[in-house]
Every structure is written in C-alpha cells, then in structure tokens.
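*Asks:* One structure coming up, written as structure tokens, with questions to follow.
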Amino acid sequence: MKKVYNIGVEATLEVIGGKWKPIILCHLNHHGKIRTNEFRRLIPGISQKMLTSQLRELEQSGLINRKVFNQVPPKVEYSLTPYGQEMDPVLNVLCTWGEKHIEKLQDKGEDVLLMQRDEDIAMMHTS
Numbered sequence: 004m005k006k007v008y009n010i011g012v013e014a015t016l017e018v019i020g021g022k023w024k025p026i027i028l029c030h031l032n033h034h035g036k037i038r039t040n041e042f043r044r045l046i047p048g049i050s051q052k053m054l055t056s057q058l059r060e061l062e063q064s065g066l067i068n069r070k071v072f073n074q075v076p077p078k079v080e081y082s083l084t085p086y087g088q089e090m091d092p093v094l095n096v097l098c099t100w101g102e103k104h105i106e107k108l109q110d111k112g113e114d115v116l117l118m119q120r121d122e123d124i125a126m127m128h129t130s
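Numbered continuously in this note's numbering, the sequence shown closes out at residue 130.
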C-alpha cells in the first residue's frame with residue numbers, strides 16, 4: 004500500500020520527530036563526530052536505551068553514520084552523513100527560533116533558562 008503524506012513536513016517529522024532526535028542531530032551538526040558517552044554528557048536526561056534507539060533510527064534513515072573501531076574497550080563514533088548534513092539550515096532555524104522563544108518566555112516573566120546558545124556551541128568547535 005502506498006504511503007501518503009498530506010504535507011511535506013509530515014515526512015520530515017517522521018524521520019526527525021520526537022524529543023531526542025533533533026537534539027542529537029544538532030549536537031552532531033555542531034560537534035562533527037561524537038562518541039556514545041559524549042552524547043550522554045551532552046544530553047542530560049536521555050537514558051542509554053533511548054539514546055541507542057534514537058541513534059539506530061537516525062542511522063536507518065540515512066542521516067547519521069556509525070563507525071565502530073576495532074579496539075578494547077569498544078569505541079563507537081557517530082557523524083552526520085552528507086544526507087544528514089542537508090538538515091543544517093533546518094536545524095539552525097529551529098535552534099534560532101527556540102532561543103527567541105525562550106527570550107519571549109523570559110520577557111513574560113516565566114522562569115526558564117537556556118544553558119547554552121547553539122551559536123556559542125558552534126563557535127567553540129570552529130575556532
């Protein structure tokens with residue numbers, strides 16, 4: 004049976020939707036290559052089981068590469084594929100919008116905090 008999407012964003016959200024996938028993709032976009040333990044440090048609150056599941060789904064979608072090094076203890080490194088790198092402008096817009104949204108909430112007196120601006124993360128890894 005043919006799969007039907009009513010609008011293109013449905014297909015996008017099918018691949019990158021959920022709480023963790025966009026965060027994983029943003030970190031890979033900013034950091035380049037990331038090891039599994041590094042993800043756990045960068046993404047507080049994600050369980051190992053959920054991280055593994057999300058990484059596997061992103062790999063199956065062709066957005067990320069998984070490279071296993073033949074060593075003890077095992078080392079696994081993740082990076083964006085060229086297809087995943089096409090998400091760069093989308094991820095940047097989402098990050099910028101999120102930062103503006105947080106500022107708007109703060110202006111309304113809500114108690115919210117942005118730990119680190121995405122732009123600051125990117126600057127740390129390009130210098």
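From the three backbone atoms N, C-alpha and C, an ideal C-beta is built for every residue, glycine too.
1. Exposed or buried, Pro-25, counting other C-beta atoms within 10 Å across all chains shown (16 or more means buried)?
2. I'd like the list of long-range same chain contacts for Ile-138, defined as Cβ closer than 8 Å, with 5 residues on each side in sequence excluded.
3. Which residues does DSSP pair with Lys-70 in a beta bridge?
4. Decide if the stretch 54-66 is in contact with the stretch 84-94; the criterion is three or more beta carbon pairs, one per stretch, under 8 Å apart.
5. Mapping the DSSP letters down to three states, classify Ile-26 as helix, strand or coil.
6. Using the Cα positions of Ser-130 and Tyr-81, report the straight-line distance between them to the nearest angstrom.
7. Can you have a look at Asn-40 and say buried or exposed, based on whether 16 or more other CB atoms are within 10 angstroms of its CB?
8. In the structure shown, what three-state DSSP assignment does Ile-105 receive?
9. Within the same chain, show all residues whose beta-carbon is closer than 8 Å to that of Met-90, passing over the 5 residues directly before and after it, in chain order.
10. Run the CB neighbour count on Phe-72, radius 10 Å, all protein chains shown included, and call it buried at 16 or more, exposed below.
*Replies:* So, to answer that:
1. Your numbering for residue 25 matches position 22 in the sequence shown. The residue is buried, with at least 16 neighbouring Cβ atoms inside 10 Å.
2. Residue 138 is absent from the structure shown; the chain starts at 4 and stops at 130.
3. Along the sequence shown, one-based indexing puts residue 70 at 67. DSSP output for Lys-70 lists Glu-80 as bridge partner(s).
4. The stretch 54-66, when compared against the stretch 84-94, does touch it at the 8 Å Cβ threshold.
5. In the sequence shown, the residue the question calls residue 26 occupies position 23. Secondary structure of Ile-26 (DSSP, three-state): helix.
6. By 1-based counting over the sequence shown, the position of residue 130 is 127. By 1-based counting over the sequence shown, the position of residue 81 is 78. Residue placement at Ser-130 is flagged as unreliable, the pLDDT there being 46, under the threshold of 50; a coordinate-derived value is accordingly withheld.
7. Looking up residue 40 in the sequence shown gives position 37. Looking at its Cβ environment, which holds fewer than 16 other Cβ atoms inside 10 Å, Asn-40 is exposed.
8. Looking up residue 105 in the sequence shown gives position 102. Here Ile-105 sits in helix by DSSP.
9. Translated into the one-based positions of the sequence shown, residue 90 becomes position 87. Hits under 8 Å: Ile-19, Leu-28, Asn-32, Leu-66, Leu-83.
10. As a position in the sequence shown, residue 72 is number 69, starting the count at 1. Answer is exposed; the Cβ neighbour count stays below 16.
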